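In our numbering, the protein residues as written are -16 to 172.
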């Protein structure tokens, strides 16, 4: 249809043909009825008409002809952080928390924060590795990530069993027995 419209020599006939093509495009697409912004949707259809014709269709669009540069240009690349995370199972946010805690002055709040961070480290480690983890490993990694500024004792860390018990287990479906009984009753409820 678009190729036929491009071959029409009379501009008025070409405009009528383009309007008909846009109406057909609107009818074909079922989402147009749900679209709350009809004006924007119509502009999109007209832009698609120009794209289909490789911007060679000479018609009077109610929205003007779109510029070819809008559709040929590539979006800017998204910058990704280039710094490496030392321990992937802890993540970047945990490393940032440790740096922030290391910069705090010695106080009761800092010691509470360090204990909490150490327990978070242990929880993260156990989520990735369900085997038991030694408290000395968590303490060593905390000291390493903080450049020796933060340390905790093993008494401050939660027990491994308490942490693992808190993890949610996948629930199994209990509908099997209900459906089985329903089949035995031959569909009677």
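Note that the Cβ used here is the ideal one computed from N, Cα and C, for glycine as well.
What you are looking at is a predicted structure, and each value in this text was computed from that prediction instead of being measured.
Backbone secondary structure at residue i - three-state DSSP
i	result
residue 93	helix
residue 65	coil
residue 56	coil
residue 142	coil
residue 134	coil
residue 102	helix
residue 83	helix
residue 21	helix
Residue i and residue j closer than 9 Å at C-beta
i	j	result
residue 32	residue -15	yes
residue 122	residue 140	yes
residue 4	residue 21	no
is_contact[residue i, chain B] using C-beta, thresh 9 Å
i	result
residue 26	Although the question refers to chain B, the structure presented lacks it and comprises just one protein chain.
Selected residue, minimal CA-CA separation from residue i, among the options
i	options	result
residue 236	68, 69, 10 and -2	Because residue 236 is not part of the residues shown, which for the chain are -16 to 172, the question remains open.
residue 81	1, 23, -7 and 125	125
residue 64	54, 48, 58 and 76	76
residue -9	42, 26 and 8	42
- request: Evaluate the contact criterion for the segment 100 to 116 versus the segment 128 to 143: three or more CB pairs, one atom per stretch, below 8 Å.
  value: yes
query: Taking three-plus beta-carbon pairs below 8 Å as touching, is the segment 106 to 125 in contact with the segment 142 to 151?
result: yes
task: Evaluate contact between the segment 106 to 113 and the segment 67 to 83, counting only Cβ atoms and requiring at least three cross-stretch pairs below 8 Å.
output: yes
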